[in-house]
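> Here it is, the structure in full.
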Amino acid sequence: MAEMTGDRDYLEVRDLVKWFGDDRAVDGISFTVPRGDFLTLLGPSGCGKTTTLMSIAGLHAIDSGRIRVGDVVYTSPAEGLFLPPEKRDIGMVFQSYAIWPHMTVAQNVAYPLEIRKLARPEIDDRVADVLELVGLTDMADKLATQLSGGQQQRASLARAIVARPRLLLFDEPLSNLDLKLREQMRVELKRIQNEVGITSIYVTHDQSEALVMSDEIIVMSKGHIEQSGNPVQIYSSPTNGYVSNFIGVANLLKATVIEAGDDGFGKVELSVDGRIVTLDCRLGRGMERGSKAILSVRPENVHAEREQPDGPSVAGEVMQTIFLGSYVDCRIRWGSFEWKVLAHPRARLRRGEKVFLRFDAEHMLAVRP
Ligand SMILES: Nc1ncnc2c1ncn2[C@@H]1O[C@H](COP(=O)(O)OP(=O)(O)OP(=O)(O)O)[C@@H](O)[C@H]1O
Ligand SMILES: [Mg+2]
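The sequence shown begins at 12 in the working numbering and counts up one residue at a time.
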């Protein structure tokens with residue numbers, strides 16, 4: 012988190028545009044990152060994440076816009092400014108491990124300090140410190156090729172942070188690791204970033220990775236920003252159907268707003284195969300009476316009950332139950348719509364059973380389609 016004023020917008024990307032031939036890979040995006048924060052660019056393949064990262068690193072010349080870090084302008088075509096990549100003082104970690112196979116771990120990590128011509132004793136001290144931080148002290152004299160995938164990524168991270176750069180850039184660094192290691196490394200990497208406090212931009216298409224690691228998430232599609240916010244905001248208040256669909260699992264239904272209060276709540280009408288139901292819900296930005304909307308409800312916020320509740324409910328039939336230990340993943344049919352519902356194992360829902368679905372207004376959100 013930023014500590015001093017002026018640190019709130021330590022990194023500023025303004026109106027960034029990058030073309031590849033006829034393809035507008037990045038379409039005028041703007042964002043700022045406070046000093047020391049961890050920002051994630053999240054989105055599907057081809058949405059422009061890597062292009063944005065490479066533009067910050069100076070590995071792409073941008074068509075227009077401006078990128079500034081602290082009081083240094085990295086690039087601004089309109090002002091004729093372009094700082095070469097080696098002068099940007101950036102540490103990078105990629106998907107491919109990119110550590111040099113003919114060098115030991117310690118030599119790999121020492122390299123950025125050697126080009127900065129630090130004195131040998133200081134280099135040795137700092138390499139030892141950073142290897143300890145990433146848990147590779149015992150591997151210092153091993154060749155990079157003798158390391159496992161996870162250890163190679165730790166070595167890459169050590170090399171990226173050892174010179175204490177202004178920025179750290181990560182491009183899907185965990186995607187070559189198996190699931191278990193990936194989950195463990197998320198937490199580890201975030202801990203290390205926290206400890207060194209270097210402002211970081213992290214690229215991934217894995218939404219759970221983004222939710223776990225980030226201070227702030229930018230959800231991208233087709234070269235532009237759909238929404239930015241902290242993980243809780245992105246998960247619980249997506250501003251449109253695209254974001255709710257992309258983040259986590261949600262039931263998404265077409266709806267019409269029939270009542271809009273000024274407290275952020277209202278009523279929507281759903282209609283599926285002639286079955287019409289009116290439900291209370293939260294209203295996203297821009298929703299007013301008559302708006303076409305997408306109603307988004309997370310599976311953990313749908314309550315399936317055997318007795319018909321007093322308030323509005325939806326009658327459905329249990330089509331599938333998958334026991335997952337602490338909860339049961341159910342599919343419940345309502346006409347042609349299948350609700351995804353997470354039920355408690357104690358509810359003992361069975362396939363073929365008729366149930367009533369009940370909802371809480373505060374956990375239903377109507378957003379722009
Ligand atoms: N060097 C290049 N030459 C031509 N087109 C490119 C180049 N790099 C990227 N593109 C195009 O720009 C768009 C954005 O690509 P980018 O690599 O930034 O996506 P991404 O979000 O990182 O995707 P992924 O998750 O697959 O890595 C895509 O349409 C891609 O085809
Ligand atoms: Mg990419």
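Glycine included, each C-beta is placed from N, C-alpha and C at the ideal position.
If distances are taken between C-alpha atoms only, which option among Ala-169, Gly-160 and Glu-133 comes closest to Thr-148?
As a position in the sequence shown, residue 148 is number 137, starting the count at 1. Looking at the Cα atoms, Ala-169 is the closest of the given residues.
> Using DSSP with H/G/I as helix, E/B as strand and the rest coil, what is Thr-148?
As a first step, residue 148 must be located in the sequence shown, where it is residue number 137. It is helical.
> Given a threshold of 16 other Cβ atoms within 10 Å of its Cβ, counted over all protein chains shown, does Asn-241 qualify as buried or as exposed?
To locate residue 241, count along the sequence shown from 1; it is residue 230. By the 10 Å Cβ count, Asn-241 comes out exposed.
> At what residues does the beta strand (DSSP E) containing Ser-307 begin and finish?
Numbered from its first residue, the sequence shown carries residue 307 at position 296. From DSSP, the beta strand (DSSP E) with Ser-307 extends over 303-308.
> Between Ala-166 and the rest of its own chain, which residues show a CB-CB distance below 8 Å, the 5 nearest in sequence each way excluded?
As a first step, residue 166 is located in the sequence shown; it is residue number 155 there, counting from the start. Correct list, in chain order: Tyr-108, Ile-110, Val-116, Asn-119, Val-120, Val-145, Leu-147, Met-150, Ala-155 and Leu-158.
> Whose beta carbon lies closer than 7 Å to any heavy atom of ligand 2, going through the chain in order?
Going by the Cβ distance cut-off, the answer is Lys-60, Thr-61, Asp-182, Glu-183 and Val-214.
> Can you name the start and end residues of the beta strand (DSSP E) that Met-103 belongs to?
Locating residue 103 in the sequence shown gives position 92, counting from the first residue. Element bounds for Met-103: 101-104.
> For Ala-36, verify whether its CB is less than 8 Å away from any heavy atom of ligand 1.
In the sequence shown, residue 36 corresponds to position 25, counting from 1. Checking every heavy atom of ligand 1 against the Cβ of Ala-36, one is found closer than 8 Å.
> Between the alpha carbons of Met-5 and Val-243, how many angstroms are there, rounded?
Here the chain comprises residues numbered 12 to 380, so residue 5 is not present and cannot be evaluated.
> Could you compute how far the alpha carbon of Gln-238 sits from the alpha carbon of Lys-60?
Stepping through the sequence shown from its first residue, residue 238 is reached at position 227. Stepping through the sequence shown from its first residue, residue 60 is reached at position 49. So the two alpha carbons sit approximately 14 Å from each other.
> Which residue or residues does DSSP assign as beta-bridge partners of Asp-38?
Mapped onto the sequence shown, residue 38 falls at position 27. Answer is Val-28.
> What first and last residue would you give for the alpha helix (DSSP H) that runs through Tyr-246?
Taking the first residue of the sequence shown as position 1, residue 246 is located at position 235. Element bounds for Tyr-246: 242-247.
> Could you check whether the Cβ of Cys-58 sits closer than 8 Å to any heavy atom belonging to ligand 1?
Locating residue 58 in the sequence shown gives position 47, counting from the first residue. Result yes, Cβ under 8 Å from ligand 1.
> Taking Ser-41 as the reference, which of Gly-47, Gly-32 and Leu-52 has the closest Cα?
As a first step, residue 41 is located in the sequence shown; it is residue number 30 there, counting from the start. If we check each option's Cα against that of Ser-41, Leu-52 comes out closest.
> Taking the alpha-carbon positions, what's the Ala-304 to Arg-46 distance?
One-based indexing of the sequence shown puts residue 304 at position 293. One-based indexing of the sequence shown puts residue 46 at position 35. The straight-line gap from Cα to Cα measures roughly 37 Å.
> So does Gly-32 have its beta carbon nearer than 8 Å to some heavy atom of ligand 1?
On the sequence shown, position 21 is the one that residue 32 refers to. The answer is yes for Gly-32.
> How is Ser-87 classed by DSSP in three states: helix, strand or coil?
The residue you call residue 87 lines up with position 76 of the sequence shown. Strand.
> Could you tell me the distance, in whole angstroms, from the CA atom of Cys-58 to the CA atom of Leu-222?
The residue labelled residue 58 in the question sits at position 47 within the sequence shown. The residue labelled residue 222 in the question sits at position 211 within the sequence shown. Near 19 Å, if we compare the C-alpha coordinates of Leu-222 and Cys-58.
> When you compare the CB positions of Ser-225 and Leu-50, do they come within less than 9 Å of one another, or not?
Taking the sequence shown and counting its residues from 1, one reaches residue 225 at position 214. Taking the sequence shown and counting its residues from 1, one reaches residue 50 at position 39. For Ser-225 and Leu-50, yes; Cβs fall inside 9 Å.
> Which value, in whole angstroms, describes the spacing of the CA atoms of Val-288 and Glu-280?
Within the sequence shown, numbered from 1, the residue matching residue 288 stands at position 277. Within the sequence shown, numbered from 1, the residue matching residue 280 stands at position 269. Taking the straight line from one Cα to the other gives about 6 Å.
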